[in-house]
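Chains A and B, in that order, are what the protein sequence lines are. All the letters of the first sequence, read from the start, carry residue numbers 2 to 232 under my numbering. All the letters of the second sequence, read from the start, carry residue numbers 2 to 232 under my numbering. We treat Cβ as the ideally placed atom computed from N, Cα and C, and that holds for glycine.
2 protein chains.
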Amino acid sequence: MPGEHILVVDDEPRYLRLVRFNLEAAGYRVGCAATGEEALTILAKQIPDLVILDVMLPGLDGFGVCARIREVSMIPIIMLTARGAEEDKVKGLRLGADDYIAKPFSAQELLARVEAVLRRVRLAEVAGRQTSFTQGDLQMDFLTRRVTVRGKEVRLSPTEYRLLHYLAANAGKVLTQDDLLEKVWGQGYRGEQEVLRVTVWRLRQKLEDDSQHPQYIVTLSGVGYILGGPT
Amino acid sequence: MPGEHILVVDDEPRYLRLVRFNLEAAGYRVGCAATGEEALTILAKQIPDLVILDVMLPGLDGFGVCARIREVSMIPIIMLTARGAEEDKVKGLRLGADDYIAKPFSAQELLARVEAVLRRVRLAEVAGRQTSFTQGDLQMDFLTRRVTVRGKEVRLSPTEYRLLHYLAANAGKVLTQDDLLEKVWGQGYRGEQEVLRVTVWRLRQKLEDDSQHPQYIVTLSGVGYILGGPT
DNA sequence: GGGCATTGTAACGGAGTTGTTACGGCTTCC
DNA sequence: GGAAGCCGTAACAACTCCGTTACAATGCCC
Chain A
2 MPGEHILVVD
12 DEPRYLRLVR
22 FNLEAAGYRV
32 GCAATGEEAL
42 TILAKQIPDL
52 VILDVMLPGL
62 DGFGVCARIR
72 EVSMIPIIML
82 TARGAEEDKV
92 KGLRLGADDY
102 IAKPFSAQEL
112 LARVEAVLRR
122 VRLAEVAGRQ
132 TSFTQGDLQM
142 DFLTRRVTVR
152 GKEVRLSPTE
162 YRLLHYLAAN
172 AGKVLTQDDL
182 LEKVWGQGYR
192 GEQEVLRVTV
202 WRLRQKLEDD
212 SQHPQYIVTL
222 SGVGYILGGP
232 T
Chain B
2 MPGEHILVVD
12 DEPRYLRLVR
22 FNLEAAGYRV
32 GCAATGEEAL
42 TILAKQIPDL
52 VILDVMLPGL
62 DGFGVCARIR
72 EVSMIPIIML
82 TARGAEEDKV
92 KGLRLGADDY
102 IAKPFSAQEL
112 LARVEAVLRR
122 VRLAEVAGRQ
132 TSFTQGDLQM
142 DFLTRRVTVR
152 GKEVRLSPTE
162 YRLLHYLAAN
172 AGKVLTQDDL
182 LEKVWGQGYR
192 GEQEVLRVTV
202 WRLRQKLEDD
212 SQHPQYIVTL
222 SGVGYILGGP
232 T
């Protein structure tokens with residue numbers, strides 16, 4: 002996703018440069034702060050999409066900043082801790098941090114974690130207040146119940162729509178068969194895999210281009226289904 | 002962490018005093034028992050955060066107490082063994098002890114081990130809430146069930162995923178074969194080492210670079226497996 | 001009442017998964 | 001040095017799971 006804004010807080014110039022360089026190379030817009038106070042000043046003016054926060058800071062430390070942020074906002078926070086400082090991880094996660102990375106870390110690990118956190122946040126947004134859903138050529142409008150693929154409208158039966166709706170609301174998350182059966186059909190339907198199987202098949206017939214190799218509704222053998230993933 | 006409660010079981014008053022003094026000085030609350038029976042009586046009333054258990058006890062010995070505890074609870078257990086008694090170490094770990102200390106030991110070693118075990122437990126608590134896991138080039142996302150090694154996605158079968166998931170949730174802790182079999186396969190699978198062996202092998206084929214010298218899933222001969230080295 | 005859409009049930013074949021067994025290397029213990 | 005135990009590896013067979021298809025039951029609208 003292009004241009005998402007990330008605030009990096011670290012007093013070690015070496016790490017600040019490392020993180021900034023890699024994030025910018027990956028296409029993010031990066032802001033920097035060297036102290037907790039500086040970070041709060043920036044945050045008061047402008048809320049980024051993600052904060053990367055070193056625990057060890059002079060003055061107001063990472064925990065303090067994390068707590069202050071959580072008083073007013075739910076933006077995702079990744080903490081940077083010294084490797085082996087397990088109690089820092091525990092404390093950070095209790096304060097509401099979304100993830101942590103142990104120093105030293107590789108650029109690959111950094112980007113993987115950032116992407117993972119942002120992906121979850123984007124999906125959660127879609128699930129919540131959004132009234133429409135888009136994934137590739139698939140488009141849903143939750144208000145009008147209209148579903149289109151490559152611009153062409155697709156007629157879905159009520160059950161098919163409920164299934165797709167639940168999948169879309171939890172896009173990117175693995176949904177077990179029993180979970181789907183309970184949420185789409187009702188509590189008495191746990192274990193009734195046949196209905197789910199057939200309904201998924203019917204849905205795919207209408208949505209997928211090549212239903213042999215489903216693009217949207219992906220099977221996880223022995224587990225359940227998932228709508229879309231990254232990419 | 003302040004005020005965690007530790008039960009010490011030893012029939013030698015000299016050690017009992019030594020351990021109690023050092024633990025209390027470090028800020029722990031300490032309970033004492035001189036026999037296995039006494040320990041079980043106390044445990045029936047109140048579950049501490051950690052048990053330190055001498056192997057050599059009159060009557061019901063340390064192994065017996067350890068086994069009885071494990072029937073009902075997963076609280077961490079540290080065994081005290083005579084130095085050089087390697088078979089005691091293996092036996093203890095097999096019974097589900099979390100660590101062992103060879104007598105005689107220094108106060109420093111005692112406190113280091115206690116802290117290490119408690120740290121792992123606290124981490125495991127948090128690991129439950131955690132939605133991702135990283136160790137070296139291995140990355141897991143628990144929501145999407147995606148596993149990547151060096152950025153490349155790895156396809157795991159349901160059983161392989163459950164095994165890796167349990168190993169990751171208890172990273173750094175020795176997991177006995179029976180524990181793995183019970184938690185990943187089910188209660189009826191204790192003693193069925195073959196399945197575990199083969200599944201571990203298949204997992205390594207997919208994860209490890211050089212499966213001859215495993216980097217992630219390490220074997221502890223006669224005991225079980227561990228994901229990631231002890232700190 | 002007849003036609004149509006929708007939904008649940010049953011059956012089958014194939015792909016992938018899983019448990020079993022066997023064998024050989026390695027270590028450990030007498 | 002031989003026996004026993006443990007582990008990794010390989011191949012095999014049974015099985016599970018899923019997609020697919022056909023069919024029956026239900027409800028709805030004209």
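Could you check whether A/F64 and A/G97 sit closer than 8 Å to each other, using their CB atoms as the reference points? Numbered from 1 along the first sequence, position 96 holds the residue referred to as residue 97 of chain A. Numbered from 1 along the first sequence, position 63 holds the residue referred to as residue 64 of chain A. No. Outside cutoff.
Give me the Cβ distance between A/L58 and A/T36, rounded to the nearest whole Å; I'm assuming they're in contact under 8 Å. Here residue 58 of chain A corresponds to residue number 57 of the first sequence, with the count starting at 1. Here residue 36 of chain A corresponds to residue number 35 of the first sequence, with the count starting at 1. Indeed they touch by this definition, with Cβ atoms about 6 Å apart.
Span of the beta strand (DSSP E) around B/Q140: Here the question's residue 140 of chain B lines up with position 139 in the second sequence. Where B/Q140 is concerned, the enclosing beta strand (DSSP E) stretches over 139-142.
Going by DSSP in three states, A/L208 sits in which element: helix, strand or coil? Position 207 of the first sequence, counting from 1, holds the residue named residue 208 of chain A. A/L208: helix per DSSP, three-state reduction.
Taking beta-carbon pairs under 8 Å, can you tell me which members of the segment 109-121 of chain A lie near chain B? Q109, E110, A113, R114, A117, R121
Assign A/S133 to buried or exposed, taking buried as 16 or more other Cβ atoms, counted over all protein chains shown, within 10 Å of its Cβ. As a first step, residue 133 of chain A must be located in the first sequence, where it is residue number 132. So A/S133 counts as exposed.
Helix or strand or just coil, what does DSSP make of A/I48? Against the first sequence, residue 48 of chain A aligns to sequence position 47. A/I48: coil per DSSP, three-state reduction.
Can you find a C-beta in chain B that's less than 8 Å from the C-beta of A/L17? Here residue 17 of chain A is taken as the residue at index 16 of the first sequence, counted from 1. No - not a single Cβ of chain B is within 8 Å of the one on A/L17.
Whose C-beta lies closer than 6 Å to the C-beta of A/E5 among residues of the same chain, with five residues either side of it excluded? As a first step, residue 5 of chain A must be located in the first sequence, where it is residue number 4. The residues are Y29, D50.
Inter-residue spacing [alpha-carbon to alpha-carbon] between B/D11 and B/L19: Mapped onto the second sequence, residue 11 of chain B falls at position 10. Mapped onto the second sequence, residue 19 of chain B falls at position 18. Approximately 11 Å, taken between the alpha carbons.
Just mark A/L44 as buried or exposed, buried being the case when its beta carbon has 16 or more other beta carbons within 10 Å. Here residue 44 of chain A refers to the residue found at position 43 of the first sequence. Buried, because 16 or more other Cβ atoms sit within 10 Å of the Cβ of A/L44.
For A/V1, which residues from the same chain have a beta carbon less than 7 Å from its beta carbon, with the 5 sequence-adjacent residues on both sides left out? The displayed coordinates of chain A run from 2 to 232. Any statement about residue 1 of chain A would go beyond what the structure contains.
Under the assumption that B/L164 contacts B/L181 (Cβ atoms under 8 Å), give the Cβ distance between them as a whole number of angstroms. Numbered from its first residue, the second sequence carries residue 164 of chain B at position 163. Numbered from its first residue, the second sequence carries residue 181 of chain B at position 180. Indeed they touch by this definition, with Cβ atoms about 7 Å apart.
Can you list the residues of chain B that A/S222 reaches, using a CB-CB cut of under 9 Å? As a first step, residue 222 of chain A is located in the first sequence; it is residue number 221 there, counting from the start. Ordered by position in chain B, the residues that pass the 9 Å Cβ test against A/S222 are S158, P159.
With three or more beta-carbon pairs closer than 8 Å as the criterion, would you say the segment 67-81 of chain B touches the segment 111-123 of chain B? yes
What are the residues that DSSP puts in a beta bridge with B/F134? Your numbering for residue 134 of chain B matches position 133 in the second sequence. B/F134 pairs with B/M141.
Within the segment 94-122 of chain A, ranges of the alpha helix (DSSP H) (whole runs, at least 4 residues): none
Under 8 Å between C-beta atoms of A/L208 and A/L139: Counted from its first residue, the first sequence places residue 208 of chain A at position 207. Counted from its first residue, the first sequence places residue 139 of chain A at position 138. In this structure, A/L139 lies closer than 8 Å to A/L208 by Cβ.
Helix, strand or coil for A/V73, going by three-state DSSP, please let me know. One-based indexing of the first sequence puts residue 73 of chain A at position 72. Helix.
List the DSSP bridge partners of A/K153. In the first sequence, residue 153 of chain A corresponds to position 152, counting from 1. Beta-bridge pairing links A/K153 to A/V150.
Classify A/D55 as helix, strand or coil using the three-state DSSP reduction. The residue given as residue 55 of chain A occupies position 54 in the first sequence. In this structure, A/D55 counts as strand in the three-state DSSP scheme.
On the premise that A/I7 lies in contact with A/I53, defined as a C-beta separation below 8 Å, what is that separation, rounded to the nearest angstrom? Against the first sequence, residue 53 of chain A aligns to sequence position 52. Against the first sequence, residue 7 of chain A aligns to sequence position 6. Their Cβ separation, rounded to whole angstroms, is 6 Å, which keeps A/I53 and A/I7 in contact under 8 Å.
B/T145 CB to nearest chain A CB: under 8 Å? Numbered from its first residue, the second sequence carries residue 145 of chain B at position 144. By this cut-off, B/T145 is an interface position.
Considering only heavy atoms of the ligand GDP, does any lie closer than 7 Å to the CB of A/G187? This structure does not include the ligand GDP; it has no bound ligands of any sort.
In the DSSP assignment, what residue or residues form a beta bridge with A/V233? This structure gives no information on residue 233 of chain A, because the portion of chain A shown stretches from 2 to 232.
Just checking: is the beta-carbon of B/R203 within a distance shorter than 8 Å of some beta-carbon in chain A? Mapped onto the second sequence, residue 203 of chain B falls at position 202. Not closer than 8 Å to any Cβ of chain A, the Cβ of B/R203 fails to qualify, so no.
Using three-state DSSP, classify A/Y167 as helix, strand or coil. In the first sequence, counting from the first residue as 1, residue 167 of chain A sits at position 166. In the structure shown, A/Y167 sits in a helix (DSSP, three-state: H, G or I).
First and last residue of the alpha helix (DSSP H) that includes A/V20? For this step, residue 20 of chain A is matched to residue 19 along the first sequence. First-last of the alpha helix (DSSP H) with A/V20: 14-26.
DSSP state of A/A83 mapped onto helix, strand, coil: Counting from 1 along the first sequence, the entry for residue 83 of chain A is found at position 82. The answer is strand: DSSP assigns A/A83 an E or B state.
Integer Cβ distance of A/G173 from A/G229, believed to fall under 8 Å: Position 172 of the first sequence, counting from 1, holds the residue named residue 173 of chain A. Position 228 of the first sequence, counting from 1, holds the residue named residue 229 of chain A. Right, the Cβ-Cβ distance comes to about 6 Å (below 8 Å), so this counts as a contact.
How is the beta strand (DSSP E) around A/L221 delimited, first residue to last? The sequence position of residue 221 of chain A within the first sequence is 220, counting from 1. 218-221 is the span of the beta strand (DSSP E), which, as asked, contains A/L221.
State the Cα-Cα distance for the pair B/T232 and B/K46, rounded to the nearest angstrom. The count along the second sequence starts at 1 and reaches residue 232 of chain B at position 231. The count along the second sequence starts at 1 and reaches residue 46 of chain B at position 45. Residue placement at B/T232 is poorly supported in this model, since its pLDDT is 35, which falls under 50; the coordinates are not used for a value here.
Which stretch, first to last residue, makes up the beta strand (DSSP E) that contains B/L182? For the purposes of this step, residue 182 of chain B is identified with residue 181 of the second sequence, where counting begins at 1. Note, B/L182: premise wrong, no beta strand (DSSP E); not H, not E.
Interface residues of chain B facing A/G173 [CB-CB closer than 8 Å]: Start at 1 with the first residue of the first sequence, and residue 173 of chain A comes out as number 172. By Cβ distance, chain B contributes L144, T145.
What distance in whole Å lies between the Cβ atoms of B/D100 and B/R123, which are believed to be in contact at a cut-off of 8 Å? Here residue 123 of chain B is taken as the residue at index 122 of the second sequence, counted from 1. Here residue 100 of chain B is taken as the residue at index 99 of the second sequence, counted from 1. About 15 Å separates the two Cβ atoms, so there is no contact after all.
Partner residues on chain B for A/D100, Cβ-Cβ distance less than 7 Å: As a working note, residue 100 of chain A is residue 99 in the first sequence. Under the 7 Å cutoff, chain B gives S133.
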